[in-house]
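Sequential numbering of the sequence shown, starting at 1, is according to this note's numbering. Glycine included, each C-beta is placed from N, C-alpha and C at the ideal position. Written out below as structure tokens is the structure these notes cover.
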Amino acid sequence: MARWLPRSTDLARFCQKLNRVKTLEADMMETSFNRCLSTIDLTLLGIGGMVGSGLYVLTGTVAKEIAGPAVIVSFIIAGFASLLAALCYAEFGARVPKTGSAYMFTYVSVGEIWAFLIGWNVLLEYMIGGAAVARAWSGYLDSIFNHKIKNFTETHVGAWQVPFLAHYPDFLAAAILLVATAFISFGAKVSSWLNHVFSAVSMGVILFILIMGFVLAQPKNWGAQEGGFAPYGLSGVMAGTATCFYAFVGFDVIAASSEEARNPQKAVPRAIAFSLGLATGAYILVSMVLTLMVPWHSLDPDSALADAFYRRGYSWAGFLVAAGSICAMNTVLLSNLFSLPRIVYAMAEDGLFFQVFSRVHPRTQVPVIGIVVFGLLMALLALIFDLEALVQFLSIGTLLAYTFVAASIIVLRFQQQKTDGPAQPASSQPNPEQREGLAAPELKEYESFSDKLQLVGNEKSKEHREPGQLKAAFEPYLEFLSDFYPGEVVTVAVVTLMVSAVCLCSILVFGNTHLHLPTWSYSLLLVLFSLGFVLSLLLIWAHEQQRSTQTFQIPLVPLSPALSIVLNIYLMLKLSYMTWLRFAIWLILGLLVYFGYGIWHSKENLREPQPQRVSARYVVFPSSSLEETVQAVQPSPQPPTGLPDTDTTEAKR
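As structure tokens, then:
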């Protein structure tokens, strides 16, 4: 029976396959896409992804039911929390100007299977998000015409009461998605131009709302007679922050478009900063004028802005608000349809998804097959499915992507920079004895052993330290960490940090409610997991980072990404158990796709070194010089049973 058990070497090789990282091309600016998007184009794409129907609906809902006028503070905190994740995306988008967003960032730094699962979740997130916005667009337009479209459909087509299906087929939502799919297929420039038009109308309406709102503002609506500024207290402000955080989801469309940016190193960070700043300002100011125009407790959660103008005697303004809401929803639709096919393209281009989606149209220079197929799938979702139960799934996919991107930033910062050729040793220049004994071609051919030898020599020489190595100041206290390869300790520390964050947030969320922990154990566990988190953070900080590059870098690494990780995990644990159950089912389906197709067709398989029939003998003399003799080995007609037909290496001292 033991012969059926996998050998340790096979398990190690299998784990290496799962965690292999993507090898980037020497020229990352080379692409089959059309690099035609400017900073303004990317900024408006980001604004379109963030400032959607939430501005017209979410502000009133949070103000009335959760936070009161203190919704302003909720948006400020949520904007800051989103900034932590946005800065991580900005650094990656500038350093790796390739389409794929969170999938690509995870692939180049963490590993293949994690990147696939992130891409798999983002794929469903965009499909459900686009379909949900299309149904909201249809319902909003239908309400303007007194629900005549809904009544006509139910009368002439019919209605049904089936679980997971909508009460009636929404042909209008499917139609708008098909029209948007057609426009997206014409190329990035057409999509950008269309987004400019809708964004201009939407921002014009927002400007009108702000001017009229401040004219009609009544400071007494924040007074004590109306309940005060924060009627629900600090708990209401924080609960509102958790809800408002999702209003800023959408800036990742900028990172997904980096392969079509003219100058991604500068355009991507600037566009993310500008769009997030403008979106945060819009949410804060609209919340301010909304709660100043009418008392917060009298707001209509479904149409707060239109109802506020109506109650102040400006019913005609409701039509402008409706026009702005529809245009804002159009920009979100375009954002979803623009990003989704490009992420699918990146996965297919790497061999992890079906190859047909990696084809780019030679004239429009966009992945037309992916756009059409997923546009049709999105339209089908909007046509017949009940999306209200699945909308929470959007949150968990986004937060998981944010978490892995933040972790990837830490791992990338403490890795050695990869070059075009074979990996160079993490040491200073070889000494004269090594130069005499080693030729450059031989060093490349037998890099694994010579890298190890030079790494040992580098540990003895503290003059020049590479990223991932222990800082000289901590050498006397943490000398036992010097024996590890650069970056190994940091990777383990990042995993420990994430596990500590999960345990810490679990105690905060479930300790008093589900677990019913006594006070002493609750406090003890909080202290222990907080200590593990802080120690992991300090251990990462004790290692050398990559030196400043010409592209944007997030400040305060590893602190900033670590705070983003904690926040994202906390918000994920606040979601319902049904959301986690659906998430687990979707992950299982993704693993079936990966192990059934992706792992076998991954392009990284082609880059794995092939076994060569070469034997190399290394003799290391006490003077640390290296002498190498290479002998060709003739393949034997019948190799001995049980011995692998690979390189053989002997080391003698």
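Proximity of residue i and residue j at Cβ, strictly below 7 Å
i	j	result
F145	N330	no
S192	A136	no
T658	A94	The structure shown does not extend to residue 658, since the chain is modelled only from 1 through 653, so no value can be given for it.
I66	A271	no
P231	G68	yes
S560	L84	yes
V167	L44	One detail in the question is off: residue 167 reads as His in this sequence, not Val. In this structure, L44 does not lie closer than 7 Å to H167 by Cβ.
S298	I72	no
K64	P269	no
Residue i versus the options, residue with shortest Cα-Cα distance
i	options	result
T579	A81, F229 and E125	E125
V294	N195, E260 and L216	L216
S275	L592, A131 and G48	G48
L538	A26, V557 and L571	V557
L42	I128, A255 and C88	A255
K531	V499, H147 and T519	A small fix is needed here, since residue 531 is Leu in this sequence, not Lys. Ranking the options by Cα distance to L531, first place goes to V499.
F33	A279, Q365 and R7	Q365
L481	E544, H514, S287 and S576	E544
A182	F75, A308, V372 and Q553	V372
V21	Q415, E466, F186 and T519	Q415
G487	R465, Y477 and L504	R465
L394	S576, I326, R413 and F357	S576
T39	K64, G68, L24 and A90	A90
F92	L83, I77, V108 and T243	V108
K189	V527, L37 and I396	L37
F510	V492, L571, G250 and P467	L571
L381	L587, I176 and L207	I176
F245	Q265, F214 and I284	I284
A493	S536, S506 and L528	S536
G129	T549, L207, R312 and L387	L387
I670	T61, A159, P169 and V96	Residue 670 lies beyond the range of the chain shown here (1 to 653); nothing can be said about it.
I410	V495, K471 and G397	V495
F208	L11, Y314, F583 and L589	Y314
Sequence-distant residues of its chain with Cβ nearer than 8 Å to residue i (five each side left out)
i	result
Q218	L292 and M293
L581	none
A180	N330, L333, L334, L337 and G375
I343	T99, G100, S101, Y103, G119, V122, L123, Y126 and A256
I565	T403, A406, A407, L497, M498 and A501
G204	G324
F357	P341, V344, Y345, M347, A348, P367, I369, G370 and V373
Y140	S53, A322, S325, I326 and M329
C-alpha gap between residue i and residue j, whole angstroms
i	j	result
Y597	Q355	10 Å
I211	I540	49 Å
G261	A224	Rather than Gly, the amino acid found at residue 261 in this sequence is Ala. The alpha-carbon atoms of A261 and A224 are separated by roughly 51 Å.
R359	K603	16 Å
R13	L606	15 Å
E479	L508	36 Å
D27	L400	30 Å
E154	P163	17 Å
E259	G370	16 Å
A267	F152	48 Å
F75	V57	14 Å
P367	H361	6 Å
A86	S325	25 Å
F251	L24	24 Å
G236	T513	18 Å
Q55	M29	Note that residue 55 is Leu in the sequence shown here, rather than Gln. Cα-Cα distance, rounded: 36 Å.
H516	A81	29 Å
G351	W600	8 Å
P441	D483	The predicted position of P441 is uncertain, since its pLDDT is 41 and thus under 50; a value taken from the coordinates is nonetheless stated next. So the alpha carbons of these two residues sit roughly 27 Å apart.
A273	A247	16 Å
L117	I184	26 Å
A131	L525	42 Å
Sequence-distant residues of the same chain with beta carbon closer than 6 Å to residue i, five excluded per side
i	result
G281	none
L178	A379
L305	Y56 and V321
Sequence-distant residues of its chain with Cβ nearer than 7 Å to residue i (five each side left out)
i	result
V51	S202, A279, A282 and A328
A242	L571 and K574
F186	T364
G468	F414, Q415, Q416, P486, G487, V490, H543 and E544
Heavy atom of the ligand NAD within 6 Å of residue i beta-carbon
i	result
W586	Looking at this structure, you won't find the ligand NAD or any other ligand, since it has none at all.
With a floor of 4 residues, list each alpha helix (DSSP H) that falls wholly inside the stretch 454-532, ordered by position along the chain. 488-510
Report the start-end ranges of each alpha helix (DSSP H) in the stretch 304-337 that is 4 residues or longer and not cut off at the edges. 304-311
Unbroken alpha helix (DSSP H) runs of length 4 or more, entirely within the stretch 337-390: which are they? 368-384
What are the complete alpha helix (DSSP H) segments, minimum 4 residues, inside the stretch 98-171? 102-107, 112-144 and 148-156
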